[in-house]
Amino acid sequence: MKARYLTILGLAGIFAASAMIPRYALAATSTVQCKMRFSTTSWSAIYKQMKGTGTVSCSNGTSMRVKISAESVGLTAGRSRINNGVGTFTKVRSIDDVLGSYAQGEANAGLMKTGSVQVLTKGTVSLTLSGSGRGIDLGVSVGKFTISRLR
Numbered sequence: 086m087k088a089r090y091l092t093i094l095g096l097a098g099i100f101a102a103s104a105m106i107p108r109y110a111l112a113a114t115s116t117v118q119c120k121m122r123f124s125t126t127s128w129s130a131i132y133k134q135m136k137g138t139g140t141v142s143c144s145n146g147t148s149m150r151v152k153i154s155a156e157s158v159g160l161t162a163g164r165s166r167i168n169n170g171v172g173t174f175t176k177v178r179s180i181d182d183v184l185g186s187y188a189q190g191e192a193n194a195g196l197m198k199t200g201s202v203q204v205l206t207k208g209t210v211s212l213t214l215s216g217s218g219r220g221i222d223l224g225v226s227v228g229k230f231t232i233s234r235l236r
């Protein structure tokens, strides 16, 4: 009788645990919408360097100030500034997923008014950047784009 009671309790426990798994699995794969507003300055002469700051805000109410940097090499020359740029992230589960280094490939051609649109990837997270500004940009480069928490 006792063994039967324990078996029933054990099966009930397994059933209850298995009923909870889909809810936790869905929570682990749910995503939030995150956007970044930023400003940057850059210069290049074969080696290209870009620095800036921004704010990442997500649909779950979280936000964070970030530092942006990029380094790349290629056939480039110029100097530019992007003000009021916008970045849109995809496949983000938490705001911390936006931090890190993204693969970057870039082609620029601009004089006086410059514009840029890029799609960057880091694992499953993608980032689309767009912005306009002033400067001279000409060339093609490959490198990395890094977002870190501003301290």
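Under the working numbering, the sequence shown has 165 at position 80, and the numbering climbs by one with no breaks.
Virtual Cβ for every residue (Gly too), placed ideally from N, Cα, C.
Just so you know, these numbers come straight off a predicted model, no measurement behind them.
C-beta atoms of residue i and residue j nearer than 8 Å
i	j	result
Gly-224	Thr-126	no
Val-183	Leu-235	no
Gly-170	Ser-215	yes
Trp-128	Arg-166	no
Thr-147	Arg-122	no
Val-177	Cys-119	yes
Rounded distance between the beta-carbons of residue j and residue i, thought under 8 Å
i	j	result
Val-158	Gly-228	6 Å
Val-210	Thr-175	7 Å
Ser-124	Thr-138	7 Å
Candidates the options: closest to residue i by CA position
i	options	result
Ser-233	Lys-136, Tyr-132, Val-204 and Ile-131	Lys-136
Cys-143	Gly-190, Asp-222, Glu-156 and Val-117	Val-117
Glu-191	Arg-178, Gly-185, Ser-115 and Thr-213	Thr-213
Gly-208	Tyr-132, Ser-124 and Gly-185	Gly-185
Gly-218	Tyr-132, Gln-134 and Asn-168	Asn-168
Rounded separation between residue i and residue j - CA only
i	j	result
Tyr-187	Met-149	18 Å
Glu-156	Phe-230	7 Å
Ile-131	Val-202	20 Å
Ser-179	Gln-189	22 Å
Asp-222	Lys-133	10 Å
Thr-206	Asn-145	22 Å
Asp-181	Ile-153	15 Å
Strand pairing of residue i, partner residues [DSSP]
i	result
Val-225	Leu-160 and Ala-192
Thr-37	In the structure as shown, the chain starts at 86 and stops at 236, and residue 37 therefore has no counterpart that could be examined.
Ser-115	Note: Ser-115 sits in no beta bridge, so no partner.
Asn-168	Ser-217
Lys-176	Answer by DSSP bridge pairing: none, since Lys-176 is not bridged.
Gly-185	Ile-232
Ser-129	Lys-133 and Gly-163
Ser-211	Thr-175 and Thr-206
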